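**Student:**
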Amino acid sequence: MIPGMNPKQMQKMMKQMGVQQEDLPVNRVDFYFDDHKIIIEPASVAIVKMMGQESFQVTGDLRKESLETSVEISDEDIQTVVDQVNCSKEDARKAIEDADGDLAAAIMSFE
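Be aware that the sequence shown starts at 5, since it is given in the working numbering, and climbs by one per residue.
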């Protein structure tokens with residue numbers, strides 16, 4: 005908003021210009037990207053309607069978190085793949101990693 009301006013005057017001015025604003029009862033907002041997410045909490049969200057368009061205004065405390073998850077691969081998992089497809093342990097580990105820990109998919113990748 006404009007510093008030093010009365011909020012009621014600002015609201016009246018916006019209404020005259022055809023701008024409507026509605027606050028939403030939101031506590032948290034998450035934005036997901038390929039490799040990370042942004043979390044805004046506590047969040048304040050307003051819908052601003054102007055000239056047939058709706059925009060969302062989000063404010064609050066922001067933090068960023070990684071979405072990358074590492075797959076835990078046990079020796080038993082590696083041995084299962086080795087036994088099924090008769091490959092090296094290194095190849096079995098790589099296949100399990102590529103399949104995000106899915107043993108069936110790792111085994112099928114050798115066919």
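All residues carry an ideal CB built from backbone N, CA and C; glycine is no exception. If you're wondering where the values come from, they're calculated on a predicted model, not measured in any experiment.
In the DSSP assignment, find the alpha helix (DSSP H) that holds R97 and state where it starts and stops.
**Tutor:** Translated into positions along the sequence shown, residue 97 becomes position 93. DSSP places R97 inside the alpha helix (DSSP H), whose first and last residues are K93 to D102.
**Student:** The ligand SAM heavy atoms versus the CB of G105: any closer than 7 Å?
**Tutor:** You won't find the ligand SAM in this model; it holds no ligand whatsoever.
**Student:** Where A50 and Q24 are concerned, what is the direct C-alpha to C-alpha distance, given to the nearest angstrom?
**Tutor:** Along the sequence shown, one-based indexing puts residue 50 at 46. Along the sequence shown, one-based indexing puts residue 24 at 20. One C-alpha to the other measures close to 10 Å.
**Student:** Is E101 near I77, with beta carbons less than 8 Å apart?
**Tutor:** Numbered from its first residue, the sequence shown carries residue 101 at position 97. Numbered from its first residue, the sequence shown carries residue 77 at position 73. Yes. Within cutoff.
**Student:** Can S92 and A103 be called in contact, C-beta distance under 8 Å?
**Tutor:** Translated into the one-based positions of the sequence shown, residue 92 becomes position 88. Translated into the one-based positions of the sequence shown, residue 103 becomes position 99. No; because the gap between Cβ atoms is not below 8 Å, this pair is not in contact.
**Student:** What number of angstroms, rounded off, separates the C-alpha of E80 from the C-alpha of V30?
**Tutor:** Against the sequence shown, residue 80 aligns to sequence position 76. Against the sequence shown, residue 30 aligns to sequence position 26. Roughly 46 Å separates the two Cα atoms.
**Student:** Provide the residue(s) that pair with A110 in DSSP beta bridges, ordered along the chain.
**Tutor:** The residue labelled residue 110 in the question sits at position 106 within the sequence shown. DSSP lists no partner for A110.
**Student:** If you run the structure through DSSP and keep just helix, strand and coil, what is Q39?
**Tutor:** As a position in the sequence shown, residue 39 is number 35, starting the count at 1. Going by the sequence as given, residue 39 is Asp instead of Gln. Note: D39 maps to coil in three-state DSSP.
**Student:** Using DSSP with H/G/I as helix, E/B as strand and the rest coil, what is V23?
**Tutor:** For this step, residue 23 is matched to residue 19 along the sequence shown. Coil at V23, not helix or strand.
**Student:** By alpha-carbon positions, which one of M9, E94, T63 and M21 ends up nearest to V33?
**Tutor:** As a position in the sequence shown, residue 33 is number 29, starting the count at 1. For V33, the nearest C-alpha among the options comes from T63.
**Student:** Using 10 angstroms around the beta-carbon of V75, count the other beta-carbons present and answer buried if the total reaches 16, otherwise exposed.
**Tutor:** Mapped onto the sequence shown, residue 75 falls at position 71. V75 is exposed by the Cβ-count criterion.
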